[in-house]
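Heads up: the structure comes next, in structure tokens.
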Amino acid sequence: MGKQKKEINILTASAKRRKRKGKIEFLYILPFVLLVAVFSYYPLYGWIYAFYDYRPPFALSEVPFVGLKWFKNMVENEERVKDILRVIRNTFAMSGISMLFSWFPMIFAVFLNEIKCRPFKKFVQTVTTLPNFISWVLVFSIAFSVLSVNGAVNSFLGSVIDNYEPTDFLSSSESVWFKQWLWLTWKNAGWAAIMYIAAITGIDEELNEAARIDGASRMQIIRHITLPSILPTYFVLVMLNLANFLSNGMEQYYVFQNAFNRPYIEVLDLYVYNLKKLNGYSLSTAISILKTVISITLLGVTNKISKLIRGEGFI
Amino acid sequence: MKKVIALLLSMALVIGCLAACSKSDDNKGGSTGTGTGTSDTKEEITIEIYDDAANFNGEQVGWFGKVVKDKFNIKLNIIAPQVVGQDVYSARTAAQNLGDIVILDPGEFNDCLDTGLIKDISADIWNYKNLSQYKGQIEAVNKTLPGNNGQIYAIPCEMTNTAPNVRSEDTIYSSPLLRWDLYQELGAPEIKDLDGLLDVLKQMKDKHPTNDAGDPAYPFVLWKDWDGNDGMIGIANVVQLTTWYGEKIKGSAILKPDNTFTPITDKTAGYYKILKFLNKGYQMGLVDPESKTEDWGVVWGKMGAGRMYLMWYSWQVGAWNTQERLNDGSAFIFVPVQDQTYYADADAYYGSGRLWGIGSKVDDAKYKRILEFLDWYASPEALEYQHAGIKDFTYKAEADGKYMAINENANIDNLAVPAEYGGAGYQDGENKINQWIVGAVSTNPNTGEGYAKGYWSHYKEATSGKTKQEWSAKYGVAEPIDWMRKNGKLLLSPNVAVSLASDTTDSALWRNQCNQELCDASWQMIFAENDAQFDQMWDEMVKKLDSYHFQDLYKFDVEKHTVEVNAKKAVK
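Chains A and B are the protein sequences, given in the same order.
For the first sequence, the numbering used here begins at 216 and goes up steadily by one.
For the second sequence, the numbering used here begins at 8 and goes up steadily by one.
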């Protein structure tokens with residue numbers, strides 16, 4: 216009897232301790248829960264605007280509730296449907312291109328690592344990392360002074376070629392997607408390479424030495440040792456990028472957009488922003504809800520594919 | 008470690024670049040004032056001005072900042088939605104405090120009045136003598152505010168003390184302006200119509216492909232910054248030029264000389280005509296190819312450098328016409344095109360449409376000081392600062408007490424202002440509110456002339472050199488507006504006090520989408536390679552606009568502006 220009671224006491228004490236430990240452990244993740252709540256869940260409250268006829272300066276309580284008016288508006292109008300499909304196409308195309316070329320920073324890091332002259336290596340790395348810290352507005356002003364009709368490129372070509380007709384690179388609607396990818400890469404490649412350089416540094420030096428003793432060439436070492444070692448990093452980064460497939464940032468496209476390239480450059484986020492500019496709050500909220508729906512669909516599809524291929528999903 | 012240092016260095020480099028790029032003009036001349044006038048007894052306050060008209064966001068600095076600081080011990084903090092984006096409007100209205108002083112377009116003003124953001128100033132305004140001088144106009148405008156029973160909430164912008172159905176200026180807002188020397192060089196041929204104008208411009212361009220410094224010059228230099236501003240839809244440059252044929256664009260509708268409306272998409276009306284004119288110019292190689300991407304700042308520089316051969320805003324000549332150029336015959340001046348009739352607004356007796364108000368959240372002490380400030384702002388002393396600049400720096404009094412301009416390049420070259428006036432550059436320190444209670448055309452009781460230099464007899468005399476003399480000799484009149492009057496080419500639209508309806512969420516959306524489509528398509532049409540392509544683009548655009556509810560928008564705009572047209576008819 217006495218033994219039993221003691222055992223129960225011990226049990227409850229350990230349960231209590233576990234409970235307290237649980238509470239303390241909960242405190243560890245509390246900041247992150249708060250972070251997610253404040254920045255990811257609280258903004259969802261803003262969705263309410265999609266169901267009202269909202270326009271400033273009136274408060275939400277002062278404007279009529281309109282139910283699904285703006286959602287209907289999205290699909291009722293043939294031109295609007297075309298517009299939405301067009302911006303989704305642009306978003307997919309530009310995110311797709313960066314996805315397609317996402318191996319570029321990895322290869323860049325690998326080759327950078329092969330440079331034996333250290334000062335030169337550091338120089339290249341600094342120069343390629345620097346653009347990451349320049350805002351898009353400044354990137355555009357650089358682009359303007361280099362590529363506009365009277366910019367550096369046209370002036371140079373004009374001085375070398377007789378009867379040269381200047382081309383306005385910035386306003387042309389040709390290969391907008393590819394050009395935007397080039398800008399993005401110019402700005403980001405060096406920065407993205409840092410991750411891979413870290414991964415390469417982590418490769419066991421013995422592997423390389425053994426391969427070298429066995430007579431492997433540089434290319435063989437890259438192919439059979441370096442690349443396989445950093446592939447896991449690559450896949451993690453691709454996964455992370457996939458999550459941002461639809462939110463490919465509007466700043467870049469905002470500064471580069473003009474009347475001539477807008478049909479190709481307007482991505483979903485930019486479209487929502489442009490719509491909102493003149494009191495289109497409710498409709499643009501409705502469209503951003505649509506974005507969320509597409510995102511969730513994409514997530515589901517990727518998860519299915521992952522299950523099919525790897526046998527396990529990530530949700 | 009080295010990597011970290013490299014990273015830090017590169018960051019420092021970028022920050023250094025940014026610092027070098029930003030203007031180093033934040034010399035707060037205003038805060039070093041010696042404290043004259045009433046400021047000694049009052050503590051310093053900052054007044055926030057929400058200002059639809061401002062092109063500058065932040066604290067007023069430089070010489071005008073010093074004037075206000077010395078006189079009232081007030082700092083002006085200007086909130087400019089044109090600079091920081093329209094979001095600031097929704098954010099501040101949501102916080103129930105738009106600003107201590109607000110300067111708003113009429114639609115927004117009515118909405119803010121509706122939600123109680125604007126203070127009722129009826130009880131106090133007539134205690135202030137300068138504002139009381141405009142009692143008639145202020146009352147008339149307030150009467151038109153929806154749901155108002157005789158209270159005073161608004162003070163109109165740019166009122167005048169002249170009359171609502173005259174035009175006191177010698178020029179009108181928009182008319183074709185050519186370089187007189189280049190026009191003379193061609194033998195000053197008579198220009199019959201827009202095609203004739205293009206011919207003249209083409210010859211100018213052929214003779215002078217560059218300015219004196221060797222930079223390429225073009226007849227047309229366009230910019231996109233103001234497209235769709237002030238509730239207009241379409242490209243600002245095109246919208247303005249439709250007044251050359253007596254038409255005035257009101258949103259999506261065109262008001263024709265016979266006071267009837269037609270849609271902006273009407274192929275027989277002004278918008279199409281002017282767009283086609285610009286496109287023809289492009290096909291003849293007369294449009295600066297940089298027009299596609301450049302902004303207003305770049306264009307202003309080109310105008311000052313003589314890289315533009317056709318101007319169309321009356322104020323644009325300010326970039327070029329100095330006394331020297333007026334006197335040596337190389338200034339820009341109106342050259343009539345025979346088939347044109349020019350639309351012009353009469354003096355803004357009841358104001359330009361924009362309205363001043365005081366925020367409902369200001370406390371009593373601040374409210375008093377704001378009214379004091381506004382009363383001063385409408386006084387001759389303040390108007391001289393606003394329209395003429397600094398005495399003995401940008402103008403001086405002659406022996407007869409009338410004024411004469413000096414240092415005319417103060418604005419365009421941002422001349423350094425002497426420390427006694429507040430230091431910094433002249434342009435940096437100009438009144439950044441960029442909006443007046445009383446317009447420059449009003450009569451200054453100190454001189455009996457208007458407030459800006461263009462109305463001063465001494466200035467007219469000094470600038471009546473070669474350009475003006477030759478011009479007068481050719482056309483037989485003294486001023487451009489006289490020529491228009493004499494030949495029956497002036498269509499004067501009287502100034503009326505009306506309140507226009509603000510957009511609903513639906514009409515705002517239609518307007519936004521139609522505007523973007525119209526602007527994008529218009530820019531593409533200006534650069535169309537041939538007429539067939541131009542017309543095909545136009546038809547496609549019209550089709551697209553219709554699907555964006557253009558017809559509904561047109562109906563809304565006609566209804567909205569009929570009120571105004573009826574009031575104007577009543578004046579005539």
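Cβ atoms here follow ideal geometry from the backbone N, Cα and C, with glycine treated the same way.
**Request:** For chain B, find out if any of its Cβ atoms is closer than 7 angstroms to the Cβ of residue 495 of chain A; answer yes or no.
**Result:** yes
**Prompt:** Should residue 507 of chain B be flagged as near chain A, meaning a C-beta pair shorter than 7 angstroms?
**Reply:** no
**Message:** For the stretch 470-497 of chain A, list every residue whose C-beta sits within 9 angstroms of some C-beta in chain B, in sequence order.
**Reply:** 473, 474, 475, 477, 478, 489, 490, 491, 492, 493, 494, 495, 496, 497
**Prompt:** Which residues, taken in chain order from the stretch 259-276 of chain A, show a beta carbon closer than 8 angstroms to some beta carbon of chain B?
**Reply:** 268, 269, 270, 271, 272, 273, 274
**residue 479 of chain B, DSSP secondary structure in three states** = helix
**Item:** Cβ of residue 461 of chain A within 7 angstroms of any chain B Cβ
**Value:** Interface annotation, residue 461 of chain A: not in contact with chain B, CB-CB separation never under 7 angstroms.
**Asked** Closest to residue 278 of chain B by CA distance: which of B:240, B:387, B:304, B:375 is it?
**Response** B:240
**Prompt:** Taking only beta-carbon atoms, is residue 377 of chain A less than 7 angstroms away from chain B?
**Reply:** No, its Cβ sits nowhere closer than 7 angstroms to a Cβ of chain B.
**Request:** Determine whether the Cβ of residue 466 of chain A lies closer than 7 angstroms to any Cβ atom of chain B.
**Result:** no
**Request:** Would you check if the distance between the CB atom of residue 129 of chain B and the CB atom of residue 108 of chain B is smaller than 7 angstroms?
**Result:** No, they are not a contact pair.
**Prompt:** Which residue from B:85, B:52, B:60 puts its Cα closest to that of residue 68 of chain B?
**Reply:** The shortest C-alpha separation from residue 68 of chain B is found at B:85.
**Message:** Just to confirm my understanding: we take residue 23 of chain B, look at its own chain, exclude 5 residues before and 5 after, and list those with CB closer than 7 angstroms. What are they?
**Reply:** Here the model assigns residue 23 of chain B a pLDDT of 45, short of 50, so the residue's position is not dependable, and the following value carries that caveat. Counting only Cβ-Cβ distances below 7 angstroms, and skipping sequence neighbours, we find nothing.
**Inter-residue Cα distance where the pair is residue 339 of chain B and residue 218 of chain B** = 15 angstroms
**Request:** May I have the straight-line CA-CA distance separating residue 399 of chain B from residue 413 of chain B, to the nearest angstrom?
**Result:** Going by the C-alpha atoms only, they are around 8 angstroms apart.
**Asked** Sorted by chain position, which residues of the same chain lie with C-beta nearer than 6 angstroms to residue 40 of chain B's C-beta, five sequence neighbours on each side aside?
**Response** Low confidence applies here, because residue 40 of chain B scores a pLDDT of 36, under 50, leaving its location unreliable; read the following figure in that light. The residues are 73, 76, 77.
**Message:** What does the Cβ neighbour count give for residue 207 of chain B, buried or exposed, with the cut at 16 atoms within 10 Å?
**Reply:** buried
**Asked** Starting from residue 329 of chain A and walking both ways along the alpha helix (DSSP H), at which residues does that stretch end?
**Response** 319-329
**Prompt:** Who are the Cβ neighbours of residue 170 of chain B in its own chain at under 7 angstroms, not counting the five residues just before and after it?
**Reply:** 354, 356
**Prompt:** Taking any Cβ of chain B, which residues in the stretch 320-341 of chain A have a Cβ under 8 angstroms from it, in chain order?
**Reply:** 337, 340, 341
**Prompt:** What residues of chain B sit near residue 403 of chain A, judged by a beta carbon separation below 8 angstroms?
**Reply:** What residue 403 of chain A touches in chain B: nothing, since even the nearest Cβ is about 15 angstroms away.
**Asked** Taking only runs of the alpha helix (DSSP H) that begin and end inside the stretch 267-314 of chain B, which ones reach a length of at least 4 residues, in chain order?
**Response** Listed in chain order, they are 277-290, 303-311.
**Message:** Along the chain, where does the beta strand (DSSP E) containing residue 53 of chain B start, and where does it finish?
**Reply:** 52-58
**Request:** Please name the residues in the stretch 278-310 of chain B whose beta-carbon is closer than 7 angstroms to at least one beta-carbon of chain A, in chain order.
**Result:** 296, 297, 299, 300
**Prompt:** Leaving out the 5 sequence neighbours to the left and right, which residues in its chain are closer than 8 angstroms to residue 325 of chain A when beta-carbon positions are compared?
**Reply:** 411, 415, 437, 441, 442, 445
**Residues from the stretch 284-308 of chain A in contact with chain B, defined by Cβ distance under 7 angstroms** = 292, 293, 294
**Prompt:** If you draw a straight line from the alpha carbon of residue 65 of chain B to that of residue 322 of chain A, how long is it in whole angstroms?
**Reply:** 47 angstroms
**Request:** Just tell me which of A:499, A:362, A:295 has its CA closest to the CA of residue 209 of chain A.
**Result:** Not covered by the structure: residue 209 of chain A. The range shown for chain A is 216 to 530.
**Asked** Whose C-alpha, out of B:564, B:573, B:571, is nearest the C-alpha of residue 258 of chain B?
**Response** When only C-alpha atoms are compared, the closest one is B:564.
**Asked** What does a CB cutoff of less than 6 angstroms around residue 96 of chain B pick up in its chain, not counting 5 residues either side in sequence?
**Response** 88
**Prompt:** Any idea if residue 29 of chain B is buried or exposed, counting beta-carbon neighbours within 10 angstroms, 16 or more meaning buried?
**Reply:** Caution applies to residue 29 of chain B, whose pLDDT of 41 falls short of 50 and renders its modelled position unreliable; the value that the coordinates give is listed next. A residue is called buried once 16 or more other Cβ atoms fall within 10 Å of its Cβ, and residue 29 of chain B, having fewer, is exposed.
**Asked** residue 397 of chain A versus chain B: which residues are under 7 angstroms apart at the beta carbon?
**Response** Chain-ordered listing is empty here: chain B has no CB closer than 7 angstroms to the CB of residue 397 of chain A, the nearest sitting near 18 angstroms.
**Request:** Report all residues from its chain with a CB closer than 6 angstroms to the CB of residue 36 of chain B; omit the five preceding and five following residues, and keep chain order.
**Result:** At residue 36 of chain B the pLDDT is 36, less than 50, meaning the model places this residue with poor confidence and gives no usable figure here.
**Prompt:** Hey, is residue 57 of chain B's beta-carbon within less than 7 angstroms of any beta-carbon in chain A?
**Reply:** no
**Message:** Is there a Cβ of chain A sitting closer than 7 angstroms to that of residue 153 of chain B, yes or no?
**Reply:** no
**Expected contact under 8 angstroms - CB spacing of residue 185 of chain B and residue 342 of chain B to nearest Å** = 5 angstroms
**Request:** Return no unless some Cβ of chain A is closer than 7 angstroms to the Cβ of residue 31 of chain B.
**Result:** Only weak support is given to the placement of residue 31 of chain B: the predicted model assigns it a pLDDT of 37, under 50, and the value that follows is read from those uncertain coordinates. False, the Cβ-Cβ gap to chain A never drops below 7 angstroms.
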